[in-house]
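One structure below.
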Amino acid sequence: MSDVQQTLERIASASDLHALDAMRVEALGKSGWVTGLLKTLGQMSPEERQTRGPEIQAIRTQVTDAIAERKAALEAAELERKLATERLDLSLPAPERPQGSVHPVSQVMDELAEIFADLGFAVAEGPEIETDWYNFTALNMPESHPARAMHDTFYCEPRDGEPARVLRTHTSPVQIRAMQQHGAPLRLIAPGRVYRSDSDATHTPMFHQIEGVVIDRSIHMGHLKWTLETFLKAFFERDDVAIRLRPSYFPFTEPSAEVDVGWSTVKGRRVVGGQEGWMEVLGSGMVHPRVIAAAGLDPDEWQGFAFGTGVDRLAMLKYGMNDLRAFFDGDLRWLKHYGFNALAVPTLSAGVGA
Ligand code: DAH
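For the sequence shown, the residue numbers in the numbering used here are 27 to 380.
Below you can see the structure in the form of structure tokens.
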């Protein structure tokens with residue numbers, strides 16, 4: 027027993043957690059002496075076990091408790107010491123965390139979706155690898171149509187028994203898919219990537235467009251003009267946005283109009299608003315009866331307008347970038363400068379909702 031007493035005293039005065047753990051192993055470890063005592067129980071006669079058993083268990087409990095007690099005391103002392111000696115300097119600046127930003131194209135697509143949602147437009151999507159039929163034929167550009175030449179197309183390798191495919195050259199094929207899928211009446215926008223075999227300061231092989239289409243029984247050019255004017259005012263966040271419709275030609279609309287927006291000079295920069303000059307921003311028109319028929323609707327019952335424009339160009343005009351290629355370089359400095367805070371409260375929709 028004096029052995030036990032000695033051990034308990036050593037435990038009670040253990041100087042640190044490391045020494046205490048060594049004592050634990052010495053007593054309770056696999057070949058510790060308490061463990062050794064417990065093992066002797068197996069060889070004892072039942073009578074002997076009856077008296078020695080409780081004694082040995084009591085030793086084990088005493089040692090275990092003493093270790094736990096000393097451990098708690100040492101830990102509390104350690105905490106006290108840390109609290110007394112360690113200080114957090116809360117005035118030090120926190121390490122800067124790299125923060126992402128919203129790409130201007132994503133920002134503008136969100137702004138557009140928000141503006142058109144206020145006008146009751148749904149958002150539709152279509153495939154970027156599109157069949158020749160949806161991209162051209164259904165839009166009144168049959169195989170030999172010269173307008174096809176205006177689209178510098180990426181053609182996909184033809185596969186046996188499958189329809190010819192291209193990387194879609196515009197978002198207009200989504201009009202056809204939407205009419206087929208939802209029928210009429212219909213009011214939607216279709217933003218997305220489009221592709222043309224073209225590359226210079228103002229053209230990249232991939233860019234973004236947004237298409238709009240409204241089909242109903244008595245939609246006319248007046249609705250088109252109002253919608254575009256309302257959208258452009260909300261987008262550029264100015265009430266003095268003027269538009270001009272110029273007669274034009276698109277195979278999928280009749281009549282067709284190109285839409286110019288008025289600009290003026292502010293601090294040497296051209297900004298949208300005012301009427302110092304005009305620049306083209308949109309293509310539009312009344313959906314051609316052949317297009318409505320190709321999508322499976324009766325052109326004697328349904329009519330409507332459509333428009334299409336470049337999202338990247340809208341972003342450049344609104345936020346003052348001048349090189350389209352920079353949009354897709356992935357240069358972090360550019361993104362830091364022109365990107366948007368993901369958590370910022372949107373500034374938009376005020377123009378249209380009110
Ligand atoms: N799809 C045309 C293009 O990429 C743009 C366009 C013009 C779309 C007139 C339309 C439209 O919906 O009515 O050049």
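Beta carbons: idealized from backbone N, C-alpha and C, even for Gly.
Bear in mind that the values here come from a model prediction, so they are computed numbers and not experimental data.
Coil, strand or helix - residue i by DSSP
i, result
"S41", "coil"
"W59", "helix"
"Q125", "coil"
"G336", "strand"
"G288", "strand"
"F331", "strand"
"I85", "helix"
"G146", "coil"
"G365", "coil"
"M70", "coil"
"Q235", "strand"
"G248", "helix"
"G299", "coil"
"H229", "strand"
"L138", "helix"
"V240", "strand"
"R203", "helix"
"R270", "strand"
"A380", "Model confidence at A380 stands at a pLDDT of 29, short of 50, so the residue's coordinates are unreliable and nothing is read from them."
"K382", "The requested residue 382 is not part of the displayed model; the chain covers only 27 to 380."
"L114", "coil"
"E263", "coil"
"E255", "helix"
"K293", "coil"
"S394", "Because the chain here runs from 27 to 380, residue 394 falls outside it and cannot be looked at."
"E106", "helix"
"E35", "helix"
"P119", "coil"
"T163", "helix"
"E382", "Residue 382 is absent from the model: the chain starts at 27 and stops at 380."
"P172", "helix"
Closer than 6 Å: residue i CB and nearest the ligand DAH heavy atom
i, result
"S274", "no"
"H196", "yes"
"S310", "yes"
"T279", "yes"
"A173", "no"
"A332", "yes"
Test item: CB-CB of residue i and residue j under 7 Å
i, j, result
"A216", "A150", "yes"
"F180", "S223", "yes"
"T157", "R191", "yes"
"A418", "W304", "Residue numbering for the chain in the displayed model covers 27 to 380; residue 418 lies beyond these limits and cannot be assessed."
"L212", "I241", "yes"
"V297", "V287", "no"
"A332", "V307", "no"
"V292", "I269", "no"
"V134", "L340", "yes"
"S310", "L250", "yes"
"V267", "L254", "no"
"V220", "G152", "no"
"M167", "P315", "no"
"G334", "I245", "no"
"I37", "R123", "no"
Close Cβ partners of residue i (< 6 Å) along its chain, the five nearest in sequence each way excluded
i, result
"I202", "Y160, A164, A321"
"D29", "none"
"A94", "none"
"D326", "none"
"L138", "I236"
Cβ-based neighbour list, residue i, same chain, cut-off 7 Å, excluding 5 preceding and 5 following
i, result
"T33", "A53, V89"
"F63", "For the sequence presented, residue 63 should be read as Leu rather than Phe. If we look at L63 and ignore the five residues flanking it on each side, its Cβ neighbours are I82, I85."
"L343", "V298"
"V378", "Interpretation of V378 is limited by its pLDDT of 35, a score under 50 that renders its predicted location unreliable; the figure taken from the coordinates is listed afterwards. Cβ within range, chain order: I141, D144, L145, T256, A260."
"Y275", "S282"
"D338", "V131, F233, H234, L350, F353"
"Y364", "P130, Y345, M347"
Residues near residue i in its chain [Cβ-Cβ closer than 8 Å; skip 5 each side]
i, result
"L100", "A40, D42, L43, L46"
"D91", "none"
"W360", "A352"
"Q31", "none"
Paired residues, beta bridge with residue i - DSSP
i, result
"T279", "F276, V313"
"T157", "R191"
"R219", "H234"
"E306", "D286"
"L212", "I241"
"Y181", "V192"
Residue i CB to nearest heavy atom of the ligand COA below 6 Å
i, result
"S71", "The ligand COA is absent from the structure shown, which contains only the ligand DAH."
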